[in-house]
Amino acid sequence: MKLLRGGPIDEWAGTVARLFIERLKARRDLRVCLPTGLTPVPIYDLVAAAVTRGEVSFARAEVFLLDEFGGVDADDPGRCDQMLDRFLLSRVDLPRERLHRFDLDGDLPDMCRASEAAVGRGCDLPLPGIGTNGHVGMNEPGTAGDSLTRRVTLAPETIAASARYFSHDRLPTWGVTMGLGTLRRSGEIWIMASGAGKASIVRETLSGPMTDAVPATQLRDHPSALLIADDGAAGV
Ligand code: PGA
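866 is the number that this note's numbering gives to position 60 of the sequence shown; each next residue is one higher, with no gaps.
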């Protein structure tokens, strides 16, 4: 895993957006796995603006949602699919049938198997964020490196952090996430990190022991893993 220092947050967002747009231009049918949360918001703004200007298009791309909160109303603005829609998809030209979300209403094991089959050989490019406990998606501490898409129990710190996304206090306690094994099948993995609050987990991810106690360390030996950090997260 290499570290790419993106500079101050605005520059960092510009760098990630530019790299993402380059990949989309080079391969119009790019299969990307996208996160929600606060980290990608400034990046999605820049990517959406580039689509509006006609510089790049999602018309032939395929988007896989990284994870989803369980036990939350379908139209709750804190749901991952709602956030992705608000911050990016409602502003770009991705045909709806090219979005893969998680339908949590039916049989979950069946849905997870179908999701793994849809990912197939792997996405071209996931851009997950990282939690302060080292989770990637909802792969919490204790997750095996070969884990697949499944229902998970959220760590207490993840539940507490989710309060930033919800306007009420009925916070989710579980979710469905792509596994670390699902992500490891990808051609490249870019982990995004911004803000000084992520500096210590960024350091641990890059140079601490590889352990399931810090899930992101289990992506370190992927041949094309990049951690893209702004000055705050890089500890500059
Ligand atoms: P954040 O969440 O982008 O809101 O900090 C990242 C994560 O928990 O994966």
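Here a beta-carbon is modelled for each residue, glycine too, at the ideal position from N, C-alpha and C.
Could you round the C-beta distance between residue i and residue j to whole angstroms and report it? I think they count as a contact, below 8 Å.
i	j	result
glycine 1001	alanine 967	That pair is no contact at about 12 Å.
glycine 981	glutamate 874	6 Å
alanine 823	valine 853	5 Å
leucine 840	arginine 970	About 18 Å separates the two Cβ atoms, so there is no contact after all.
tryptophan 996	leucine 1032	5 Å
leucine 809	leucine 1012	6 Å
methionine 984	isoleucine 1034	That belief does not hold up - the Cβ atoms of methionine 984 and isoleucine 1034 are roughly 19 Å apart, past 8 Å.
leucine 989	leucine 1025	7 Å
Counting only C-beta atoms, is residue i closer than 8 Å to chain C at any point?
i	result
glycine 1014	The structure shown contains no chain C, having only a single protein chain.
Under DSSP, the alpha helix (DSSP H) around residue i begins and ends at which residues?
i	result
lysine 831	815-832
alanine 880	Looking at the DSSP string, alanine 880 is not in any alpha helix (DSSP H), and its letter there is neither H nor E.
valine 925	914-925
cysteine 753	Residue coverage of the chain in this structure runs from 807 to 1042, which leaves residue 753 outside it and unanswerable.
threonine 1011	1005-1013
alanine 867	Alanine 867 -> no alpha helix (DSSP H), and no H or E assigned at all.
arginine 990	986-990
glycine 981	No alpha helix (DSSP H) holds glycine 981; the beta strand (DSSP E) holding it covers 980-983.
leucine 852	847-858
serine 965	Per the sequence shown, residue 965 should be read as isoleucine rather than serine. Counting along the chain, the alpha helix (DSSP H) containing isoleucine 965 begins and ends at 962-967.
Quick one: Cα of residue i to Cα of residue j, how far?
i	j	result
glutamate 922	valine 958	15 Å
glycine 884	histidine 1028	31 Å
methionine 917	glycine 876	13 Å
threonine 955	leucine 871	11 Å
glutamate 828	serine 992	18 Å
threonine 949	arginine 897	34 Å
leucine 914	alanine 920	10 Å
histidine 906	glutamate 1010	32 Å
phenylalanine 972	aspartate 882	8 Å
threonine 964	serine 1006	17 Å
threonine 1023	leucine 894	28 Å
isoleucine 849	threonine 842	11 Å
glycine 813	lysine 1004	15 Å
arginine 859	glutamate 994	27 Å
asparagine 939	arginine 833	34 Å
valine 838	arginine 811	22 Å
alanine 856	aspartate 1036	21 Å
aspartate 879	valine 1042	40 Å
glycine 951	glycine 935	17 Å
Can you name the start and end residues of the beta strand (DSSP E) that residue i belongs to?
i	result
valine 958	956-959
arginine 837	837-840
alanine 999	995-999
alanine 1031	1031-1035
glutamate 874	873-875
arginine 907	Here arginine 907 belongs to no beta strand (DSSP E), and DSSP marks it neither H nor E.
arginine 976	Note, arginine 976: premise wrong, no beta strand (DSSP E); not H, not E.
arginine 1026	Premise fails: arginine 1026 is in no beta strand (DSSP E) and is neither H nor E.
leucine 809	808-811
Query raised in the report: Are at least three pairs of beta-carbons, each pair with one atom in the stretch 861-873 and one in the stretch 808-825, less than 8 Å apart?
Result: no
Note to self: Under 5 Å, CB to any heavy atom of the ligand PGA. Which residues pass, going along the chain?
What the structure shows: Gly843, Leu844, Thr845, Gly935, Gly937
Q: Count the CB pairs spanning the stretch 939-946 and the stretch 901-910 that are closer than 8 Å, and state whether there are at least three.
A: no
Check whether the stretch 874-892 touches the stretch 927-938, taking contact to mean three or more Cβ pairs, one atom from each stretch, closer than 8 Å.
-> no
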